[in-house]
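So the structure is just underneath, and the comments pick up after that.
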Amino acid sequence: MDNSIVLNGMRFFPYLRKEQIDREVERVAREIRLDVEGKNPLFIVVLTGAFMFAADLLRQVGINESQIEFVRYSSYEGGTSTTGKVKQLMGLREDVKGRDLVIIEDIVDTGLTAEKMVADLKSKEPASVKFATLLYKPESSRTGFRPDYAAFVIPPKFILGYGLDLDGKGRNLADIYACED
Ligand code: 5GP
């Protein structure tokens, strides 16, 4: 038995196990806590892919004075390749001026979403903006964008599970799967 799964006719193999994910999420939580403790940070979670990462991460960061907001951006219109166009679908409600912000994203691929988001937020005059991602694919970068925190640096594979989807499916998986090459 190879534990692979098939979704929309594509085969995915186990790539990162829950235990590895927990370990690295804990490490990132420690790094973030050291940087923002005592600063009343505002965490900005990018829906939908980051929901599971954010839930685990923010419990580990454990700063009761922090606040959590949700925004939604999209660059994919289904399937497994980026459209290159980034649009904001759902914005912020909190005033971010003078705040210490930590963006929580599922994956940095081309970096276009991340770059746009950081620029949008910086224009609102926060005290600081940091970027945390579950997965970072530096070889796919079209922007040179580098996250401040990354749980995993990975090659340019298409990933599924632990919040990440294929056409809306597979977000429920506790492990992270990669598409066969
Ligand atoms: P970027 O703007 O960096 O190219 O892409 C950011 C968004 O593309 C991510 O938030 C995610 O929604 C989607 N994305 C990029 N790579 C993958 C991947 O390997 N798997 C999945 N499911 N989504 C991805």
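For the sequence shown, counting from 1, position 10 maps to 11 in the numbering used here; every step adds exactly one.
Positions of the beta carbon are idealized from the N, C-alpha and C atoms, including for glycine.
Between the alpha carbons of Asp110 and Pro157 lies a gap of roughly 8 Å. Residue environment for Ala55: buried (at least 16 other C-beta atoms within 10 angstroms of its C-beta).
Measuring C-alpha to C-alpha distances from Leu102 to each of Val154, Arg24, Asp149 identifies Asp149 as the nearest. Shown here for Asp182: same chain residues with a beta carbon closer than 8 Å to its own, the five before and five after excluded, namely Lys158 in chain order. For Asp121, the closest alpha carbon among the candidates Asn4, Ile45, Tyr16, Val26 is that of Ile45.
Annotation: the continuous alpha helix (DSSP H) that includes Lys19 extends over 19-37. Secondary structure note for Ala120: its alpha helix (DSSP H) is the uninterrupted segment 113-123. Cβ atoms of Ala152 and Leu135 come within 8 Å of each other, at about 5 Å. Membership of Asp182 in any beta strand (DSSP E) is not indicated, and neither H nor E is assigned to it by DSSP. If you ignore the 5 residues before and after Ala175, its C-beta comes within less than 6 Å of the C-beta of Lys19, all in its own chain and listed in chain order. Boundaries for Asp57: no beta strand (DSSP E) harbours it, while the alpha helix (DSSP H) harbouring it runs 52-62, taken from the DSSP string. Exclusion of the five residues before and after Ser141 leaves Asp110, Thr111, Pro157 as the residues of its chain whose Cβ lies within less than 7 Å of its Cβ.
Spatial neighbours of Ile155 in its own chain (CB-CB distance under 6 Å, excluding positions within 5 residues in sequence) are listed in chain order as Leu136, Lys138. Going by DSSP, Glu106 is part of the beta strand (DSSP E) stretching over 101-109. Boundaries cannot be given for Lys40, as no beta strand (DSSP E) includes it and DSSP labels it neither H nor E.
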